[in-house]
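Visitor:
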Amino acid sequence: MTGNRRSVTAVYPGSFDPITNGHLDLIERGSRLFDWLIVAILENAAKEPLFSVEERMEMLREVTRPFPNVSIDSFHGLLVDFMKERNAQVILRGIRAISDYEYELQMALMNNRLWPGVETVFLMSSEAYSFVSSRLIKQVFELGGDVSGLVPPIVEARLKNRVRGGA
Ligand code: PNS
1 MTGNRRSVTA VYPGSFDPIT NGHLDLIERG SRLFDWLIVA ILENAAKEPL FSVEERMEML
61 REVTRPFPNV SIDSFHGLLV DFMKERNAQV ILRGIRAISD YEYELQMALM NNRLWPGVET
121 VFLMSSEAYS FVSSRLIKQV FELGGDVSGL VPPIVEARLK NRVRGGA
């Protein structure tokens, strides 16, 4: 690679309600691929999240501390507008199964239509986390199931406080 290569900033957008080990795996891999990686939480009033944006940011900050080129942010409105503000060129997303593909393709094409300069880079989820989603984590935890190993310990502790009242 030449010395004057342009630095690349990627944004990994999502709800992260809460962050799972699948997300964390993607963040770690993304941090090795890009010069800077911004994990961006969508502030979506329409969805009723389990954790507030601030709580999700706290958990994300904690678990991404080992990665110095990763920062945590939040956004509302269009992702591409946020990216322009942050001087980011690449969207990072994960694909777990073929069922993710259609939604991801639609978003990638729409984002490219809104801002032709943007590229979406997809990473395949690691096999160990290919079945993990925030939605299922919440459901399994609420029903008393064991989610250890699927979310970072700080998330498990917060889930205990939130869902089982610290029991
Ligand atoms: O974790 P999620 O819910 O799959 O993430 C979805 C997200 C945040 C990537 C997507 O909803 C998004 O980018 N929303 C911002 C609004 C936007 O830019 N829409 C147009 C492009 S699809």
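According to the numbering used here, the residues represented by the sequence shown are 1 to 167, in order.
Don't be surprised by glycine CBs; every beta carbon is placed ideally from N, CA and C.
1. Locate the alpha helix (DSSP H) running through residue 30, then write down its first and last residues.
2. What residues match up with residue 75 in a beta bridge as DSSP calls it?
3. Please indicate yes or no: does the CB of residue 15 lie closer than 6 Å to some heavy atom of the ligand PNS?
4. Assuming residue 60 is part of the beta strand (DSSP E), what are its boundary residues?
5. Regarding residue 57 and the ligand PNS, is the C-beta to nearest heavy atom distance less than 6 Å?
6. Should the segment 72-89 be called in touch with the segment 108-124, which here means at least 3 C-beta pairs below 8 Å?
7. Helix, strand or coil, according to DSSP, for residue 184 in the structure here?
8. So, with DSSP's three-state summary, where would you put residue 82?
9. In the DSSP output, which residue or residues are listed as bridge partners for residue 92?
10. Rounded to whole angstroms, what's the CA-CA distance from residue 135 to residue 142? Just pull it up for me.
11. The ligand PNS heavy atoms versus the CB of residue 83: any closer than 6 Å?
12. Is the beta carbon of residue 7 less than 7 Å from the beta carbon of residue 69?
13. Does DSSP put residue 163 in a helix, in a strand, or in coil?
14. Say yes only if the C-beta of residue 111 is nearer than 6 Å to one or more non-hydrogen atoms of the ligand PNS, and no if none qualify.
Guide: In short:
1. For residue 30, the enclosing alpha helix (DSSP H) starts and ends at 21-33.
2. In the DSSP output, where bridge partners are listed per residue, residue 75 has 42.
3. Checking every heavy atom of the ligand PNS against the Cβ of residue 15, one is found closer than 6 Å.
4. Per DSSP, residue 60 belongs to no beta strand (DSSP E); it is in the alpha helix (DSSP H), 53-63.
5. No, since every heavy atom of the ligand PNS falls outside the 6 Å radius drawn around the Cβ of residue 57.
6. At 8 Å Cβ cutoff, the stretches touch.
7. Given a span of 1 to 167 for the chain in the structure shown, any question on residue 184 remains unanswerable.
8. Residue 82 falls in the helix class under three-state DSSP.
9. Its beta-bridge partners are 121.
10. Taking the straight line from one Cα to the other gives about 11 Å.
11. The answer is no for residue 83.
12. No. Outside cutoff.
13. Here residue 163 sits in helix by DSSP.
14. Residue 111: yes, Cβ under 6 Å from the ligand PNS.
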